[in-house]
Structure formats: C-alpha cells, structure tokens
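Only one structure is covered here, and it is reproduced in the block below.
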Amino acid sequence: MSDHVYSVTEVYGSSKDSLDGAIRNAVTTASKSLRNLEWFEVTEIRGHIDGEKVGHFQVGVKLGFRYDK
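In my numbering, the protein residues as written are 22 to 90.
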C-alpha cells in the first residue's frame, strides 16, 4: 500500500424517502465535484416534520478524499 494524503470535507444530503437516500444524494452530488472519494462517515441525522409525518430526512456526511501525487 502506498503512502497517501487525505482531506475531509463535510456535506449535507436530504431525501424525502429515507436516510439511505439522503446519504446517497450527498455522496453522488459531491462525487461530481470531488475526485478520489474513498470513504464517508455519517455525523448527524435529523429531519423535518410535516404535520404528523416525516417530511424529509437530512444527514451530515464527512467525506474523505485522497490527494493526487
């Protein structure tokens, strides 16, 4: 395994359907701008209540990406 240098950024994703959808939205959108994404960590979970139902799920996600050598 080679030596690598990583950076971490935090993004927030949301979904009206699920936590999984919110995570996937965050990773998919970030991957369009960031190269070499290698891992994620969910740091926050919250949501929006609409009436008596869950309106949206929202997650904070730390993304680790590797710098080019």
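Note that CB positions come from ideal geometry on N, CA and C, so glycine has one too.
Keep in mind the model is a prediction, meaning the values are calculated, not measured.
- DSSP places Val48 in the uninterrupted alpha helix (DSSP H) bounded by Leu40 to Ser52.
- Lys83 places its beta carbon 7 Å or farther from that of Val48.
- Restricting attention to His69, Gly76 and Gly85, the CA atom closest to the CA of Val32 is found in Gly85.
- Contiguous beta strand (DSSP E) elements confined to the segment 54–80 occur at 58–71, taking only those with 3 or more residues.
- Judged by DSSP in its simplified three-state form, Val26 adopts coil rather than helix or strand.
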